[in-house]
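K.L.:
First residue of the sequence shown? That's 17 in our numbering, and the numbers climb one at a time after it.
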Amino acid sequence: MPRDPYEVLGVSKSATAEEINKAYRKLSKKYHPDRNPGDKDADAKYKEVQSAHDILGDANKKAQFDQFGFAGPQTGFPGGGVPGGGFPGGFPGAGGGGAPFDPEAAQHLFDLFGGGMGGAGGPDLSDLLSGGRRKGRGTRTRRPAEPVESEVTVPFDVAATGGSVAIEVDGRRIDVKVPAGIEEGKKLRVPAEATGGADVLLKVKIAPHPYFRREGNDVLLDVPVSLAEAVLGAKVDVPTLDGTKLTVTVPPGTSGGKKLRLRGKGIAGGDQYLVFKVEVPAGKVDDKSRELIEEFAKLNPQHPRANAPWM
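(1) Checking 8 Å against the spacing of the C-beta atoms, do I36 and G85 come in under that value?
(2) State the Cα-Cα distance for the pair K202 and D302, rounded to the nearest angstrom.
(3) Indicate whether V181 and V168 have their beta-carbon atoms separated by less than 8 Å.
(4) Figure out for me which residue from A39, S30, P49, D55 has the closest Cα to the Cα of K78.
(5) So L217 packs on E165, CB below 8 Å; how close in whole Å?
(6) Does DSSP classify A324 as helix, strand or coil?
(7) Alpha carbon to alpha carbon, how far is A33 from L43? Give it in angstroms, no decimals.
(8) Would you check if the stretch 304-311 and the stretch 245-263 touch, i.e. whether three or more CB-CB distances between them fall below 8 Å?
(9) Using only CA atoms, which one of E245, L237, A196, V239 lies nearest to I222?
(10) With a threshold of 16 other CB atoms inside 10 Å of the CB of L315, please say whether the residue is buried or exposed.
(11) In three-state DSSP terms, what is A33?
(12) Just the C-alpha distance for A175 and V254, rounded to the nearest angstrom, thanks.
(13) Note the first and the last residue of the continuous alpha helix (DSSP H) segment covering Q288.
(14) Whose C-alpha, out of D82, G282, S305, P240, is nearest the C-alpha of G273?
(15) Between D191, V220, G232, which has its C-alpha nearest E209's C-alpha?
(16) Going by DSSP, what residue range makes up the alpha helix (DSSP H) through A68?
(17) Using DSSP with H/G/I as helix, E/B as strand and the rest coil, what is E311?
(18) Please state if the CB of P49 and the CB of D59 are separated by a distance shorter than 8 Å.
(19) Who does A182 pair with in a DSSP beta bridge?
(20) With a threshold of 16 other CB atoms inside 10 Å of the CB of A39, please say whether the residue is buried or exposed.
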């Protein structure tokens, strides 16, 4: 059985959504594959953190887990949507824990006590309860089972570059292929894996990345730079979606919010954008630094609000 998601994220059951997300971001960043290449233990912990956030980061799933744990509500309906993508088995409507429904045995008892409905061309009890219909004795045409719908959380990088995620269906592990560039809200169909041969229809939820953001097929990355780097220019190393690092040039005179495009480094042909964030010294500066900044301001007069819409 998987570990308690509260234990995985290191938060209490009374933790707020903000506290849960903060713990998730910290652990996701710590165990991210980009930071731990080839480390299987870190990879396993990263996936465990993703699974825990899949439960606790969703208000409905969290409430369900708090009440029922990993077992989920025993409704017996295959689309119950238990945490982790599981699907309880059993006959629809029969409730959890009972013996599997046998339509043939039920029909035999029905016929034995004079209630048979299996006359020529008519439906019998097993047909009605199992969703089929007889065209004549010995010939049955079943209606296709309705798809079982649930959600699956896909890691950001898997959604971007493609791969697979594991779900559990009737106690079996199923690997679901994820196409590169899939977007939030899209659905993945897993054929004939649910109870009664029904398809599984998974609505995709994309987990947030510790530092990348997505806009369509473009990827955005905030890059902090010092005041001196922004004014004078600099060379800085930045990560990319494929795991490599690039050395880029910060142009002299870079303002906060300015973007630099890395062509083709996004998702499915999109671009990666570096968004520069200028960080000024925190707290009170010393007298010498103040004199230098004041001298700089005199030598380089600026009017940043001259074209502001309220001026």
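No residue lacks a Cβ here, since even glycine has one placed at the ideal position from N, Cα and C.
P.N.:
On the basis of the supplied data:
(1) no
(2) 55 Å
(3) yes
(4) Measuring from the Cα of K78, the nearest candidate turns out to be S30.
(5) 5 Å
(6) Here DSSP, grouped into helix, strand and coil, assigns A324 to coil.
(7) 15 Å
(8) A contact is defined here as three or more CB-CB pairs under 8 Å, and the stretch 245-263 fails this definition with respect to the stretch 304-311.
(9) A196
(10) exposed
(11) helix
(12) If you draw a straight line from the Cα of A175 to the Cα of V254, it comes to about 21 Å.
(13) Here Q288 belongs to no alpha helix (DSSP H); instead the beta strand (DSSP E) covers 288-295.
(14) P240
(15) Of the candidates D191, V220, G232, the residue whose Cα lies closest to the Cα of E209 is D191.
(16) First-last of the alpha helix (DSSP H) with A68: 56-72.
(17) It is helical.
(18) yes
(19) D191
(20) buried
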